[in-house]
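> Sharing a structure below in structure tokens format, with a few things to ask.
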Amino acid sequence: MLNKLRQRAGDEAGFTLIELLVVILIIGILAAIALPSFLNQRSKAQDTEAKSMARTAQTAFETIYTDEQDYAADEADLVAVENALTEGTSGDDGQPVLTATGAGDEFSVAVISVSGSEFRIAKAADGTITRDCDTAGENGCPSDGIW
Numbered sequence: 038m039l040n041k042l043r044q045r046a047g048d049e050a051g052f053t054l055i056e057l058l059v060v061i062l063i064i065g066i067l068a069a070i071a072l073p074s075f076l077n078q079r080s081k082a083q084d085t086e087a088k089s090m091a092r093t094a095q096t097a098f099e100t101i102y103t104d105e106q107d108y109a110a111d112e113a114d115l116v117a118v119e120n121a122l123t124e125g126t127s128g129d130d131g132q133p134v135l136t137a138t139g140a141g142d143e144f145s146v147a148v149i150s151v152s153g154s155e156f157r158i159a160k161a162a163d164g165t166i167t168r169d170c171d172t173a174g175e176n177g178c179p180s181d182g183i184w
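With positions in the sequence shown counted from 1, the corresponding number in this note's numbering is that position plus 37.
The following block contains the structure:
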């Protein structure tokens with residue numbers, strides 16, 4: 038009797054097809070849940086980088102205004118003042134795209150993130166500052182479009 042049990046135990050090595058299918062199914066479900074979540078976090082991080090760049094450009098404009106009493110500047114002037122800024126030409130190079138214009142008592146900054154969201158900061162002549170984005174409710178842009 039003991040010999041029969043030992044022989045049976047020796048014949049049952051490995052996994053059954055059902056066990057392997059269950060493991061593959063579990064891995065597939067986990068991948069289906071985790072992958073979209075991961076991709077969304079990546080877009081949020083890219084949008085946060087673009088917002089940070091817009092705020093840095095705003096600070097560079099204020100630095101120029103302190104020295105010159107005028108916001109007359111463009112992207113190259115901002116990069117010269119704040120070397121953390123980069124002039125991206127397209128989102129393809131992995132850098133956000135910065136566009137900036139300033140004159141007199143007002144300026145505007147627009148940064149397009151690698152994910153495609155655009156974040157803008159504008160200062161009017163009366164001193165009011167507006168921050169808005171074009172993809173309200175998506176990625177790093179709040180549902181009201183104001184950040």
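Virtual Cβ for every residue (Gly too), placed ideally from N, Cα, C.
Bear in mind the structure is a predicted one, so any value in this text is a computation, not a measurement.
(1) Does DSSP put S74 in a helix, a strand or coil?
(2) Please report the residue range of the alpha helix (DSSP H) in which V148 lies.
(3) Would you call S152 buried or exposed, if buried means 16 or more other Cβ atoms sit within 10 Å of its Cβ?
(4) Helix, strand or coil, according to DSSP, for D130 in the structure here?
(5) For A113, report the span of its alpha helix (DSSP H) as first-last.
(6) Is G65 helix, strand or coil by DSSP?
(7) For D107 and L115, I'd like the C-alpha separation in whole angstroms.
(8) Would you mind stating whether S150 and A137 have Cβ atoms separated by less than 8 Å?
Working from what's here:
(1) helix
(2) From DSSP, V148 is part of no alpha helix (DSSP H) but of the beta strand (DSSP E) over 143 to 149.
(3) buried
(4) helix
(5) 112 to 118
(6) helix
(7) 13 Å
(8) Result no, Cβ atoms of S150 and A137 do not sit closer than 8 Å.
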